[in-house]
Each structure stands twice: as C-alpha cells, then as structure tokens.
Amino acid sequence: MFTGIVEELGEVVSIEPAGAAGEAVLLTVRGPLVSSDARHGESIAVNGVCLTVVDLGSGTFTADVMKESLDRSSLGALTPGSPVNLERAARVDGRLGGHIVQGHVDGTAGLLSRDPGDNWDVLRFGLSRELSPYVVEKGSITVDGTSLTVSAVSAPGAAEEYFEVSLIPATLEATTLGSLAVGATVNIEVDVIAKYVERIAAVTAARNAAA
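As structure tokens, this is what we get:
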C-alpha cells in the first residue's frame with residue numbers, strides 16, 4: 001500500500017528480458033533513498049506500479065515486471081536513463097499524506113495540454129470511457145504514482161473526455177510531471193473506494209433482480 005507521495009526521482013539503469021518467452025523484464029532502477037533500507041521481497045512503486053524487489057545493489061534495486069504490468073502500464077516504454085517516480089510502501093505508523101494507493105494501475109492516459117501559470121501548472125489528460133465514471137472533481141487520482149486532486153473533469157458524455165490537475169512548484173520539481181511533454185503517456189490509478197462502491201452496487205442490484 002502506498003500514499004502517492006513521491007519520495008525520490010529515480011533513474012532507470014537497465015531493462016533486461018526475463019522468462020522463457022522473454023515477455024517479462026528485469027528492471028533495475030537507481031534510487032539511493034528508496035533502496036537504502038529495502039529488503040528482498042519488499043514493494044516499491046515505480047511510476048505508480050507496485051513492484052517487488054528481487055535484488056539490491058549500491059543505490060539500486062531490481063524488480064521483476066511481468067507481462068500484465070507491461071501491458072497495462074507505461075513501464076514497457078521505459079529506456080535506460082528514463083526518470084521515474086519512486087515510493088516505498090507506506091508504514092502503518094506514518095501519516096497518510098496523499099490517499100490510499102494500491103500500486104495497481106487501472107490504465108494509461110495521454111497528456112493533452114499543459115498551461116503554465118505563475119504559481120502552478122494545469123495539466124489536462126485524456127480519459128478513457130472505462131475510467132471516466134471513477135473520476136470526479138475534487139476527488140483523488142494517481143498519475144505516475146503521484147497522488148493528485150482532480151481540479152476539473154469533462155462533462156458526462158463529452159466528445160473528448162478528460163481530467164485536469166493543478167500542480168504546485170513542489171510537485172513539479174519533485175516528480176516527473178514537471179518535465180512531462182504533451183503527448184506523453186502516464187499511468188493512472190483511480191480511487192479504489194469508487195471501484196468497491198460500484199462492485200457492491202452491481203452485486204446488490206443483481207441479487208435483488210434475481211430475488
């Protein structure tokens with residue numbers, strides 16, 4: 001479990017094919033802070049994707065990335081030298097500075113535009129019809145592992161569905177979002193509470209209909 005508060009801006013060191021069919025990869029990332037107290041088997045979020053540490057080096061960690069994660073996230077597009085947002089798993093005795101983040105990416109989104117301001121930048125991302133019901137204005141969303149508040153969202157049924165976030169200088173400086181170019185793809189995780197509510201409502205409706 002994570003909070004979406006990025007601890008460190010890391011860098012991809014290497015990506016090596018793994019598995020019999022080469023469909024998985026071994027991802028090695030430089031992150032002195034997050035790897036300083038990491039142990040084999042622990043979790044670290046890389047651009048919002050929960051990965052398991054399988055090896056540790058001097059200021060680096062290596063994780064297995066399976067085909068499912070490559071297919072559903074932007075990790076497959078990383079190359080050596082790519083910057084990545086890093087966060088260690090949350091401690092149960094710590095403060096929840098962001099929101100409940102599982103590290104289970106729901107999909108990806110493209111950056112449609114960015115509007116720089118004096119004290120913040122407004123970023124607009126495209127939103128798939130599958131994910132749009134879970135995104136609400138002033139709600140929480142995770143973009144490349146960063147917990148953000150939705151500042152605007154497209155009207156229901158709009159021809160182009162999107163959401164916007166307003167980023168303060170601290171977020172722009174401490175995460176990859178500060179240098180994100182229009183057209184770039186990011187990982188999206190919607191609020192897990194919304195997904196549970198939808199599931200409970202659907203199951204309840206089905207049971208009532210069958211009664």
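Quick note, the sequence shown lines up with residues 1 to 211 if you use the UniProt record's numbering.
From the three backbone atoms N, C-alpha and C, an ideal C-beta is built for every residue, glycine too.
It should be emphasised that the depicted structure is a prediction, and the values quoted were computed from it without experimental measurement.
In the three-state reduction of the DSSP assignment, L167 falls in the strand class. With 16 or more other CB atoms across the displayed protein chains lying within 10 angstroms of its CB, A90 is buried.
If you ignore the 5 residues before and after S69, its C-beta comes within less than 8 angstroms of the C-beta of V49, L51, L75 and V105, all in its own chain and listed in chain order. By the neighbour-count criterion, in which 16 or more other beta carbons inside 10 Å mark a residue as buried, V25 falls on the buried side.
Distances from the CA of E23 to each of V53, V150, M66 and F125 were compared; the closest alpha carbon is that of M66. Around the CB of G94, fewer than 16 other CB atoms lie within 10 Å, so the residue is classed as exposed. If you draw a straight line from the Cα of F163 to the Cα of L180, it is about 16 angstroms long.
The beta carbon of Y134 lies closer than 7 angstroms to those of V190, D191, A194 and K195 in the same chain, with the five residues before and after it left out. One Cα belongs to A211, the other to V203, and the distance between them is close to 12 angstroms. Of the other Cβ atoms in all chains shown, fewer than 16 fall within 10 Å of the Cβ of N208; this residue is therefore exposed. At a Cβ-Cβ threshold of 7 angstroms, T185 and T62 do not count as neighbours. Separation of P83 and A174 (C-alpha to C-alpha, rounded to the nearest whole angstrom) is 11 angstroms.
With a cutoff of 7 angstroms on beta-carbon distance, L86 and G31 are scored as near each other.
V65 has V25 as its beta-bridge partners, per DSSP. Taken atom to atom, the span from the alpha-carbon of T60 to that of A206 is near 49 angstroms. Here V101 is near T142, since their CB atoms are less than 7 angstroms apart. In the displayed model, D71 falls within a helix according to three-state DSSP.
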